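**Q**
Residue numbers (my numbering): 551 to 770.
1) For residue 613 and residue 698, what's the separation of their Cα atoms in angstroms?
2) Check this for me: beta carbons of residue 711 and residue 651, under 8 Å apart or not?
3) Could you check whether residue 604 and residue 566 sit closer than 8 Å to each other, using their CB atoms as the reference points?
4) Alpha carbon to alpha carbon, what distance is there between residue 597 and residue 720?
5) Provide the residue(s) that pair with residue 691 in DSSP beta bridges, ordered along the chain.
6) Per the DSSP calculation, residue 748 is bridged to which residue(s)?
7) Starting from the C-beta of residue 642, find all residues in its chain whose C-beta is less than 7 Å away, skip the five residues before and the five after it, and write them out in chain order.
8) State the DSSP-derived secondary structure class of residue 652, mapped to helix, strand or coil.
9) Here's the rule I'm using: 16 or more other beta-carbon atoms within 10 Å means buried, otherwise exposed. How should residue 759 be labelled?
10) Report the residue from 658, 694, 661 whose alpha carbon sits nearest the alpha carbon of residue 674.
11) Starting from residue 574, follow the beta strand (DSSP E) in both directions and report where the run begins and ends.
12) Quick check for students: name the residue ranges of the alpha helix (DSSP H) that lie wholly in the region 611-666, counting only runs of 4 or more.
13) Three-state secondary structure (DSSP) at residue 577?
14) In its own chain, which residues sit with a C-beta less than 8 Å from the C-beta of residue 629, not counting the 5 before and 5 after it?
15) Could you tell me if residue 701 is buried or exposed, where buried requires 16 or more neighbouring beta carbons within 10 angstroms of its beta carbon?
16) List the whole-angstrom C-beta distance separating residue 765 from residue 705, where the pair is believed to meet the contact cut-off of C-beta under 8 Å.
17) Look at the alpha carbon of residue 751 and the alpha carbon of residue 572, and state the distance between them as a whole number of angstroms.
18) Measure the Cβ-Cβ separation of residue 638 and residue 615 and say whether it is below 8 Å.
19) Could you give the DSSP three-state label for residue 762: helix, strand or coil?
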């Protein structure tokens, strides 16, 4: 039987909007991490989180939209991230993420509206994510991302996800990414009783966008 998703590595392209958060550990859910992997705590009991709003467009192996929350972690002296909450609007991405790399993807509906580039504004994104639940139809999260400064470079990034398999061991997922970066500002609103309620009242410490990226997920 043909698999419903592409084999790894996935070659993807599109735009993403990234925000870095510093949140007290007591405010966060308990997310099991792989054996030997520990959350990074740069300020005592605070944890580093990263949110990704991503529009994967046609031209790659899959086209879909995604909201991903990752915890910055370390294994020995090596920094990485563990995706702890992920929503997508594509069944193939959901199945492949779970089966190939133990990424806990769930279904959701998205509304992405790019902000136009004008003489007085560098553009950005207005987006919302809605899961299926008691308050179906009310967004669980909505975001407004404004670009402040577009940089005249194409930035290459290499990173790793360390995902927890069913037996507790780590699935190491290499990531290779290159895109045009913009420094920006992110404003996030979350439903008080929704899955991202722990971010209520917090502001990101940094925001960046990568446009027209080329993204390789997994290894050959």
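Idealized CB from N, CA, C, for every residue including glycine.
Predicted, not measured: the structure shown is a model, and the values here were computed from it.
**A** Reading off the structure:
1) Looking at the two C-alpha atoms, the distance is approximately 27 Å.
2) yes
3) yes
4) 20 Å
5) 679, 740
6) Residue 748 is not bridged to any residue.
7) 554, 555, 612
8) coil
9) So residue 759 counts as buried.
10) 694
11) 560-574
12) 641-651
13) It is helical.
14) 590, 622, 623
15) exposed
16) So it is not a contact: roughly 12 Å between Cβ atoms.
17) 12 Å
18) yes
19) strand
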